[in-house]
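Below: one structure, written as structure tokens.
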Amino acid sequence: MNELKTDGVPPSGRPVVFGEVLFDDFEDGPTVIGGAAFNLAWNLESIGLGPLLVSRVGRDELGDRALEIMGSYGMDVSGIQADEELPTGTVSVKVSAGQPEFAINDRQAYDAIDADEAREAVGAIEVSLLYHGSLALRSERSRRALDALAAAGRGRIFVDVNLRRPWWEKASVLGDLSRARWAKLNEEELFELSDVPDSSPEGLLAAAFDFRRQLDLDLLLLTRGADGAALLQADGQSVVLPAMAVDEVADTVGAGDAITAVTMLGLVRGWDGATTLERAVEFAASICGLEGATTDRRRHYDDFLERWEGSGWETSSLGGGR
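The number in the working numbering is simply the position in the sequence shown, starting from 1, with 1065 added.
Structure follows, in structure tokens:
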């Protein structure tokens, strides 16, 4: 398979993850730390990429809990800001037939990420790439903070589309994607953001290729839930894989974040597209067996790393580039 375009990603650098830290309040269940940005950063920490998470929590009990959880796991919390007025983010989660439904509160601490504080935290490191989602950009203040960091990414921006009504506008999301090199979205989000005249698997893939071409993305990762995922390249080639079977699905919260994390690992390590997606889908399946999006059991992640390293970190380079 031809190489993916990733040249210019310094393997010695650290990914910067920008976005929300919040707590998922499961109906009839626990309150679990989460948010797409947090989940991704946790996974990246667990697979050895040492991310810097840039977010904001409240000076409250949940904020203290978030810092304690991250610190005790060994995550760098120097990019986590504290807000005197706004609370740490919370989301009500209802799981139906294994699929999560979210009710997201307004005016949360992650809506007020400060640009100056963010620049100061990121200025001390070499940045491999900059990741952000959609939710934290619903506020102008956090959007200004992201814009301040975009230069640090040197065009190496990975956008994870997370459309949560009513907190997004199509033009704004497409604008964010226009400055990205790599992006991830699910099939429902593809329907929202582009024209998909044919919802068959072939039609969906064709629409995704067209969407990638219009945005001039080097790589588009399309997740399809129980139907698997696809990795679409700028040269017109693709990898399409079904989802892996899971003995007992606890929930699918965080499965997309897991796929994104391993895809980013593939970018940094120089894996080819097929290897990257195979490993990403396998890792995401393991997350579906957990309650919530992450685990503090390091062994869960180490098992994957040891197996991947044993078969060779390097396959054919995920190279090329603008």
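Note that the Cβ used here is the ideal one computed from N, Cα and C, for glycine as well.
As the structure is a prediction and not an experimental result, all values here were calculated from the model.
Taken in chain order, the complete alpha helix (DSSP H) segments of 4 or more residues contained in the region 1285–1343 are 1320–1334.
Look at the beta carbons and you see the region 1076–1092 not touching the region 1233–1245: under three pairs across the two are nearer than 8 angstroms. A residue is called buried when at least 16 other Cβ atoms come within 10 angstroms of its Cβ; R1206 does not meet this threshold and is exposed.
Taken atom to atom, the span from the alpha-carbon of L1132 to that of L1118 is near 12 angstroms. Going by C-alpha positions, I1190 is about 27 angstroms away from T1360.
In the DSSP assignment, P1165 forms a beta bridge with V1160.
When secondary structure is reduced to three states using DSSP, P1095 falls in the coil class, being assigned neither helix nor strand.
For P1266, the enclosing alpha helix (DSSP H) has its first and last residue at 1266–1280. Bounds of the beta strand (DSSP E) holding R1121 are 1117–1123. Rounded to whole angstroms, R1362 and D1300 show a C-alpha spacing of 39 angstroms.
Check the Cα spacing between A1174 and each of K1159, R1203, P1165: the tightest is with R1203. The bridge partners DSSP lists for H1365 come to none. Taking the C-beta atoms as reference points, R1344 is found no nearer than 7 angstroms to D1283. If you draw a straight line from the Cα of G1078 to the Cα of F1348, it comes to about 23 angstroms.
Straight across, the Cα-Cα distance linking P1152 with A1320 is about 27 angstroms. Per the DSSP secondary-structure output, G1154 pairs in a beta bridge with L1087. When rounded, the separation of the alpha-carbon atoms in G1139 and G1115 is 9 angstroms.
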